[in-house]
Amino acid sequence: MSSNRVFSIVSDHKNNLWFGTQNGLVKYNRKQFEHLPLPFQDTTSAWLDKVYPIINPNAVHALATDNNNNLWIGTGGGGAYCYDGENFKSYLTKIGQKQDDSLYHNWIPFIRKDNNGHMWFASMTHGGVNRFDGKEFTQYLIKDGLSDSQVRTIYCDKSGKIWMGFNGNRNSGLTVYDGKSFKTYSVEDGLCNKRIRAIFEDKNGNLWLGTDLGNLCISSMVKSFLEFNYNGKTFLTCYSFR
17 MSSNRVFSIV SDHKNNLWFG TQNGLVKYNR KQFEHLPLPF QDTTSAWLDK
67 VYPIINPNAV HALATDNNNN LWIGTGGGGA YCYDGENFKS YLTKIGQKQD
117 DSLYHNWIPF IRKDNNGHMW FASMTHGGVN RFDGKEFTQY LIKDGLSDSQ
167 VRTIYCDKSG KIWMGFNGNR NSGLTVYDGK SFKTYSVEDG LCNKRIRAIF
217 EDKNGNLWLG TDLGNLCISS MVKSFLEFNY NGKTFLTCYS FR
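Take 17 as the starting number for the sequence shown in our numbering and just add one per residue.
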């Protein structure tokens, strides 16, 4: 391994394991580890680099595979890459400049494939969330319905809805996109914390959220918040959207 700090793990169609680490991309073929260097080239101007510093372009924060067995890689300031097993294609943009064939911001902490095979990219540099349909990128920001522009995690549920967790700024919380509009559930609605780091759906359709204050369960069955306490502190909350 190139680093003991691992941000993301994914398995590909050949049963290889891929690790996103602080020092780059690592492949494990079930026999040995291989470090694959990323072909980073800085395209940001000098003044933009001061406003949005490239934290670590070699740090791989996000990994996901698409329907064509490509590996998508999100970095800590170096944009995203698509790896087809032989070559890397870079998606790095000049920050703040719209490009249909690239991302809008370059620090990508999370990538998720939806039920239609589209790839969703979270941004931590106020770039909101970006959707790639195989040809071009579409950006969604606060003006479009997001509760925050710093997106930490994305999840696509069984029904096709896109759930987003944020860094905890503004009036953020848990935002869901049904393909037409956005809806946000905030602390005022019963969330124990507005900084959401992980989202997962279990076999019963319940959503589980990882927050700074612990786990949160969102139930598809009960139409109310249920708090579970341990030693006087809330550690789990259950909520329904039905």
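Cβ atoms here follow ideal geometry from the backbone N, Cα and C, with glycine treated the same way.
Per DSSP, S24 is paired with what?
G36
Limits of the unbroken beta strand (DSSP E) element including V167
V167 to C172
Proximal residues to F257 (C-beta, below 6 Å), its chain only, five neighbours per side dropped:
At F257 the pLDDT is 45, less than 50, meaning the model places this residue with poor confidence and gives no usable figure here.
If you draw a straight line from the C-alpha of K210 to the C-alpha of S106, how long is it?
32 Å
Within 10 angstroms of its Cβ, does R21 collect 16 or more other Cβ (buried), or is it exposed?
exposed
Leaving aside the five residues before and after N31 along the sequence, list all residues of the same chain whose C-beta is less than 8 Å from its C-beta, in chain order.
R46
Three-state secondary structure assigned by DSSP to E217
strand
What three-state label does DSSP hand I124 in the structure shown?
coil
Looking at the unbroken beta strand (DSSP E) that takes in E50, where does it start and where does it end?
F49 to L52
F49, buried or exposed, once every other Cβ within 10 Å from all chains shown has been counted against 16:
exposed
Is it true that the CB of I158 sits closer than 8 Å to the CB of G181?
no
Do the CB positions of L87 and W34 come within less than 8 Å of each other?
yes
Check the C-beta distance from G176 over to G195 and give it rounded, since I have them as a contact under 8 Å.
7 Å
Could you tell me if S27 is buried or exposed, where buried requires 16 or more neighbouring beta carbons within 10 angstroms of its beta carbon?
exposed
Please return the same chain residues whose Cβ sits closer than 6 Å to the Cβ of H134, not counting the five positions on each side in sequence.
R147 and D149
Excluding five sequence neighbours on each side, which residues of the same chain lie with their C-beta closer than 7 Å to the C-beta of Y99?
N86, L87 and I89
Could you spell out the range, first to last residue, of the beta strand (DSSP E) harbouring I89?
L87 to G92
Please report the straight-line C-alpha distance between H29 and Q166, rounded to a whole angstrom.
31 Å
Round the Cβ separation of I216 and Y171 to the nearest angstrom and send it over; I've been treating them as touching at under 8 Å.
The identity of residue 216 in the sequence shown is Phe, whereas the question assumes Ile. Contact holds; Cβ gap of about 7 Å.
Helix, strand or coil: which one does DSSP assign to K159?
helix
Considering only DSSP beta bridges, list what T141 is partnered with.
DSSP, once it has assigned bridges, lists no residue as partnering T141.
Relative to the C-alpha of K129, which residue among F104, L79 and C208 is closest?
L79
Are F126 and L54 touching if we call contact CB-CB under 8 Å?
no
What residue from K219, V42, N74 and A75 has the CA that sits closest to D173's CA?
K219
The beta strand (DSSP E) with L223 in it runs from where to where?
L223 to T227
Counting only the same chain and skipping the five closest in sequence on each side, list residues whose C-beta sits under 7 Å from that of N16.
Absent from the model: residue 16. The displayed extent of the chain is 17 to 258, so no value can be given.
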